[in-house]
Amino acid sequence: MISIPRFLIVTLAALFSGYHLVLALTALSRPERFEPYVAAMAVYAVATVISLWPTKTRRMPIWLAVFNVTASVAMSLLVTSQLPNGAGETYAAWHTAAIGTLMVITSTRGRQAAAWIGVGLLALQTVAWEGLGALVQYGVVGSIAWVGISFALARSLASAGRDARQYALAEREAVEWRAAQDAHVFERQFRLGQTSRMSVPMLRQIVATRGDLSPAQRAECLNLEGAIRDEIRGRLLLNDRVRAEVMAARRRGTVVTLLDEGGIDDLTAADLERVLNRLADAIAVTRTDRIIARTVAHKSDVAVTVVGLSSANAGAHSALGNEP
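Using our numbering, read the sequence shown as starting at 1 and increasing by one per residue.
Here's what the structure looks like:
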């Protein structure tokens, strides 16, 4: 993206505006009276300085736009009232280009309606002063054209700005979508890797024995099935210590259920590791028929709840479902 410093644009506008005052000074001998002519120059200088003065917002205040239109009318009346016989071959009618410049500044700063009103009044006053031919002779048509160009450029830049924001939003959404997809792929690969490491040795035994497993091996298969379920439902509730303690509990005959419902997604790595180590300690010391560990809702003071249940019939269904 190519950007132009704001001070450079303001400096160029100030120099261009000052050029009109220089032209006015070269024709000071033309007006009938000196004072109104110089007053018009002063009004133009004040309006230009206020319009170009750096502000926090680019859009011109409405009071300043009204002031510029009023100043344009005053300049035109002050100058033409002292040139009853026209400007001749001099730059005495400097006000037409000066008003055009002031209205271009007004239009550029977001007050296009005021700019069109300003050049429209200039055209009407010029026709009343010297007739239709004066519109071309004194550059009023050029001033109107410059306001039209600034208006078109402002509309084009505004449209380009909207398109740029939409493209930036679309790009950000695409990046977020790609990041989410990469995260899903990584999660799947990680879970598949964990599942493979746990299940491959037992699968090899099944192949080697052609499915003729001992009761202990069949029980171990059920424990491995539970571990695979943990990788799907437990997600962040698992680290190496938790996996080891859960497997030890299952081998003791305890039914273990791990449910990660998203309550610990925002924990830092250090806090998450501390919570999981506490969970592993809790599972290691619990001697019940069933252990249920689950995350809690966001913004809770508790990260994980661990419930131990004992009953006469450990295999009975519970509200959270049964697990082998």
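Cβ atoms here follow ideal geometry from the backbone N, Cα and C, with glycine treated the same way.
| said: Can you give me the C-alpha to C-alpha distance between A307 and A269, rounded to a whole angstrom? | reply: Note that residue 307 is Val in the sequence shown, not Ala. Each residue's Cα considered, the two are about 24 angstroms apart.
| message | Give me, in chain order, the residues of the same chain whose beta-carbon lies closer than 6 angstroms to that of S318; leave out the 5 immediate sequence neighbours on both sides. | response | Note on S318: pLDDT 36, under 50, position unreliable in the model; the coordinate value appears next. So the list is empty, once near-sequence residues are dropped.
| request: Per DSSP, which residues does A270 bridge with? Please list them. | output: DSSP lists no partner for A270.
| request: Indicate whether the contact test is met: 3 or more Cβ pairs, each with one atom in the stretch 60 to 67 and one in the stretch 97 to 110, closer than 8 angstroms. | output: yes
| Does the distance from the C-beta atom of T126 to that of T80 stay below 9 angstroms? | yes
| request: Taking all protein chains shown into account, decide if V22 is buried (16 or more other Cβ within 10 angstroms of its Cβ) or exposed. | output: exposed
| request: Express the C-alpha separation of L276 and G234 in angstroms, rounding to a whole number. | output: 12 angstroms
| request: Could you tell me whether the stretch 284 to 299 touches the stretch 252 to 272, where touching means 3 or more Cβ pairs closer than 8 angstroms? | output: yes
| field | Per-residue DSSP class, three states only, for T295 | value | strand
| If we count the other Cβ atoms within 10 Å of its Cβ and call it buried at 16 or more, is E173 buried or exposed? | exposed
| message | Between the alpha carbons of F190 and V10, how many angstroms are there, rounded? | response | 58 angstroms
| task | Within the same chain, show all residues whose beta-carbon is closer than 6 angstroms to that of M103, passing over the 5 residues directly before and after it, in chain order. | result | A115, G118, V119 and V147
| query | At least one CB of chain D closer than 9 angstroms to the CB of R188: is that the case? | reply | You won't find chain D in this structure, because it holds only one protein chain.
| query | Going straight from the alpha carbon of Q112 to that of F67, what length do you get? | reply | 14 angstroms
| Where does G308 fall in DSSP's three states? | strand
| Residue interval of the beta strand (DSSP E) (run including V255) | V255 to L259
| request: Under 6 angstroms Cβ to Cβ from N322, same chain only, skipping five residues before and after it: list those, please. | output: Legend: pLDDT at N322 = 37, less than 50; position of this residue unreliable, value from coordinates given subsequently. Within the same chain, N322 has no close Cβ partners at all.
| Nearest-angstrom Cα separation, counted from E89 out to V43 | 24 angstroms
| With 16 other CB atoms within 10 Å as the buried threshold, where does G226 fall? | buried
| request: Report buried or exposed for R6, applying the criterion of at least 16 other Cβ atoms within 10 angstroms of its Cβ. | output: exposed
| What do you get for E32, buried or exposed, if any count of 16 or more other CB atoms within 10 angstroms of its CB means buried? | exposed
| field | For R178, three-class secondary structure by DSSP | value | helix
| task | Tell me where the alpha helix (DSSP H) around N239 begins and ends. | result | Note, N239: premise wrong, no alpha helix (DSSP H); not H, not E.
| request: Report the three-state DSSP secondary structure of R290 (helix, strand or coil). | output: strand
| task | Measuring alpha carbon to alpha carbon, tell me which of M198, Y37 and T101 ends up nearest S150. | result | T101
| Cα-Cα separation between M1 and A27, rounded to whole angstroms | Unreliable placement is indicated for M1, whose pLDDT of 48 sits below 50; the coordinate value is still reported in the next sentence. Rounded to the nearest angstrom, the two C-alpha atoms are 44 angstroms apart.
| message | Buried or exposed, going by whether 16 or more other CB atoms sit within 10 Å of the CB of N85? | response | exposed
| query | Between L135 and A145, which are expected to be in contact by the criterion C-beta below 8 angstroms, what is the C-beta distance as a whole number of angstroms? | reply | Going by Cβ atoms, the distance from L135 to A145 rounds to 11 angstroms, so no, they are not a contact pair.
| query | Rounded to a whole number of angstroms, what is the C-alpha to C-alpha distance between V46 and L153? | reply | 26 angstroms
| query | Which residue comes first and which comes last in the alpha helix (DSSP H) that contains S17? | reply | R6 to T26
| query | Going by beta carbon distance, what residues of the same chain come within less than 7 angstroms of I50, once the five residues before and after it are set aside? | reply | L64
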